[in-house]
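Numbering (this note's numbering), first residue to last: 5 to 239. Here a beta-carbon is modelled for each residue, glycine too, at the ideal position from N, C-alpha and C.
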Amino acid sequence: MKLILPDYNYVFEDEIAEVKDGILYVYKPGAFKEVMYRLTYLIYGKDECYFCHRKLRTDISETDESKYFSQITLDHLVPQEFGGPTISNNMRPACSRCNNLKSNMYPDEFEEYCMYEGKKDKEFKNLRKNFKEKLQLKQEKRRYGQLESIPKEWVSDELFRTIYVNFWISEPLGVEYFKQEKFYKKYKRLPKLAIVSQNRFLLDGFNTILLAKYNFCERINVIVLENVYYSGFPE
Ligand SMILES: [Zn+2]
Numbered sequence: 005m006k007l008i009l010p011d012y013n014y015v016f017e018d019e020i021a022e023v024k025d026g027i028l029y030v031y032k033p034g035a036f037k038e039v040m041y042r043l044t045y046l047i048y049g050k051d052e053c054y055f056c057h058r059k060l061r062t063d064i065s066e067t068d069e070s071k072y073f074s075q076i077t078l079d080h081l082v083p084q085e086f087g088g089p090t091i092s093n094n095m096r097p098a099c100s101r102c103n104n105l106k107s108n109m110y111p112d113e114f115e116e117y118c119m120y121e122g123k124k125d126k127e128f129k130n131l132r133k134n135f136k137e138k139l140q141l142k143q144e145k146r147r148y149g150q151l152e153s154i155p156k157e158w159v160s161d162e163l164f165r166t167i168y169v170n171f172w173i174s175e176p177l178g179v180e181y182f183k184q185e186k187f188y189k190k191y192k193r194l195p196k197l198a199i200v201s202q203n204r205f206l207l208d209g210f211n212t213i214l215l216a217k218y219n220f221c222e223r224i225n226v227i228v229l230e231n232v233y234y235s236g237f238p239e
């Protein structure tokens, strides 16, 4: 798949990456996530919430009724819990209120949730209850892989041994690894995808690679970013 990029050339601060002629070059190992955060703000701006369309004002204090908000965050459209990748295609600037409320919902689910939330009449109370029950069922199905959680056209299935990992762990396995391992044992599938560049370097998803290795999964789900190139240093 193609990563959403600005249509102009751009060099990231500290030269960790560069957009040149429609290709993103990543120069620094481990910098991919940081590049994605900066890239998303670069494309979508930093001053409006994607969901409630309120504007950012840092000089005022935020209240629920306010037309403004005071803190910008990045929301994952496909929630991280269901494998939503940290790439510009899957992130939008959001106020912290919307981001917290949305939590692990998909955009359409969040839209429905917003119709019921905060309403006091009985009718809405029942609708809200129904919605929450249905949502929980759907979420459990997603965890078992019985319901599509990531757009099919984003994903390809690859032999994990064909992916170059150019950094290795120097510390014991982290909390995030054990969280993912627990998921793997319960739901019998890897919770996250690996993200790789066009030249097959691992950009994100190190724990996924480790899990695959330790559990003898030959094939894993991968997002191949066709317009991203990893090269260890600026050319
Ligand atoms: Zn908002």
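Would residue i be called buried (16 or more neighbouring beta carbons within 10 Å of its own) or exposed?
| i | result |
| --- | --- |
| K183 | exposed |
| K165 | Sequence check: residue 165 is Arg here, not Lys. R165 is exposed by the Cβ-count criterion. |
| L78 | buried |
| E22 | buried |
| F36 | buried |
| K196 | buried |
| G34 | exposed |
| L9 | buried |
| K106 | buried |
| T212 | buried |
| V179 | exposed |
| N104 | exposed |
| I177 | In the sequence on display, residue 177 carries Leu and not Ile. L177 comes out exposed. |
| D208 | buried |
| S153 | buried |
| N170 | exposed |
| Q130 | The sequence shown places Asn at residue 130, not Gln. It counts as exposed. |
| F220 | exposed |
Just to confirm my understanding: we take residue i, look at its own chain, exclude 5 residues before and 5 after, and list those with CB closer than 6 angstroms. What are they?
| i | result |
| --- | --- |
| G149 | R193 |
| E230 | K6 and Q202 |
| Y12 | none |
| N94 | H80, L81, V82 and G88 |
| C56 | C102 |
| E239 | Residue confidence is low: E239 scores 47 on pLDDT, short of 50, so the model does not pin down where it sits. Its coordinate-derived value is still stated next. Nothing listed; no residue qualifies. |
Considering just the uninterrupted stretch of the beta strand (DSSP E) at residue i, what are its terminal residues?
| i | result |
| --- | --- |
| N231 | Where N231 is concerned, there is no enclosing beta strand (DSSP E), given that its DSSP letter is neither H nor E. |
| Y29 | I27 to V30 |
| V23 | A21 to K24 |
| V200 | A198 to S201 |
| I76 | I76 to H80 |
If you drop the 5 nearest sequence neighbours on each side, which residues of the same chain put their C-beta closer than 7 angstroms to that of residue i?
| i | result |
| --- | --- |
| V4 | Residue coverage of the chain in this structure runs from 5 to 239, which leaves residue 4 outside it and unanswerable. |
| K142 | L151 |
| L163 | E222 and R223 |
| L43 | S92 |
| R204 | T166, I167 and Y168 |
| E185 | L215 |
| Y218 | none |
Can you name, in chain order, every residue of its own chain whose Cβ lies under 8 angstroms from the Cβ of residue i, other than the five neighbours on each side?
| i | result |
| --- | --- |
| Y191 | R147, Y148 and G149 |
| K138 | none |
| I20 | V30, Y31, K32, A35, E38 and V39 |
| K158 | What sits at residue 158 in the sequence shown is Trp, not Lys. Here the set comprises M5, P89, N93 and I227. |
| K71 | R58 and K59 |
| M109 | P83, Y117 and L139 |
| I240 | There is no way to answer for residue 240, as the model of the chain reaches only from 5 to 239. |
Starting from residue i, trace the alpha helix (DSSP H) in both directions and tell me its first and last residue.
| i | result |
| --- | --- |
| V39 | F36 to Y48 |
| T212 | F210 to Y218 |
| V169 | Unbroken run through V169: none, as it is neither H nor E. |
| F182 | V179 to Y191 |
Inside the stretch 84-160 only - alpha helix (DSSP H) runs reaching at least 4 residues: 100-106, 111-120 and 126-148
Can you list, in chain order, every residue whose CB sits closer than 5 angstroms to a heavy atom of ligand 1? C53, F55, C56, C99 and C102
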